[in-house]
Amino acid sequence: MFTFETEYDRRAMTAMARVLRRTVRRGHSRRTHIFGWIVAALAVLLVAGRIARGERLGVPGAVTVLAGAILVAVLLFEDRLNGALALKRTLPATRSVRTTFGPEGYTSVTALGTTQFSYEAIQAVAETEDYFVFLFSASHVQVYDKRRLTGGTADQFRAFIQDAVGKTVSKVD
């Protein structure tokens, strides 16, 4: 039996957001990033054109610079922002989870209660340096902290969960 003690904190939520972006949301995320970088480049070109012509930036130029800077920040820190927003929507009583994995399914215990899950609902399993991540849909994910795993090693759990779910664990940087 494997047991994880997981704190759904900003770090865990950022890992969840990154895994979602790089797996089930990959195509949409790529299109969004391409569009975002094109818009940011256009903002730079607009401002550079005004400066090259010797024009003052004025309010429209300042708004363009600000919008471009915000867009670049969102593109660079997307996972952290999405993780922070997801954490804000998470009930405080569900942020500390003890999950035990057995042959027939797994059980999660929070301050709100106990929930039993079967492995059949898991669509994909991913792994980061510090977490195992279960993906159920494009918006429903569970994360398990490898550093607080008991009952075996991360390698043993990986082999166990691959057998239980019938899917290969994918690595996400």
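The working numbering applies: residue 2 is where the sequence shown begins, and numbers increase by one.
The beta-carbon is built from N, C-alpha and C at its ideal position, and this holds for glycine as well.
- Three or more beta-carbon pairs drawn from the segment 70-86 and the segment 33-51 are found closer than 8 Å, and the two stretches are therefore classed as touching.
- Here the alpha carbon of Leu86 sits roughly 19 Å from the alpha carbon of His34.
- When DSSP reads this structure, Glu6 sits in a beta bridge with Arg99.
- Counting along the chain, Lys89 sits inside the alpha helix (DSSP H) bounded by residues Glu79 to Arg90.
- For Ser171 and Ala68, the gap between their C-alpha atoms comes out near 36 Å.
- About 5 Å separates the beta carbons of Val173 and Val20, which is inside the 8 Å limit, making them a contact pair.
- Each residue's CA atom was taken as its position, placing Ser140 and Lys168 some 19 Å apart.
- A Cβ-Cβ distance of about 6 Å is found for the pair Phe5 and Arg149, placing them in contact under the 8 Å criterion.
- Leaving aside the five residues that flank Lys147 on each side, the residues in its chain whose CB is nearer than 7 Å to its CB run, in chain order, Asp131, Tyr132, Phe133 and Ala155.
- CA-to-CA, the gap between Arg32 and Ala42 works out to about 15 Å.
- In the three-state reduction of the DSSP assignment, Gly55 falls in the coil class, being assigned neither a helical nor a strand state.
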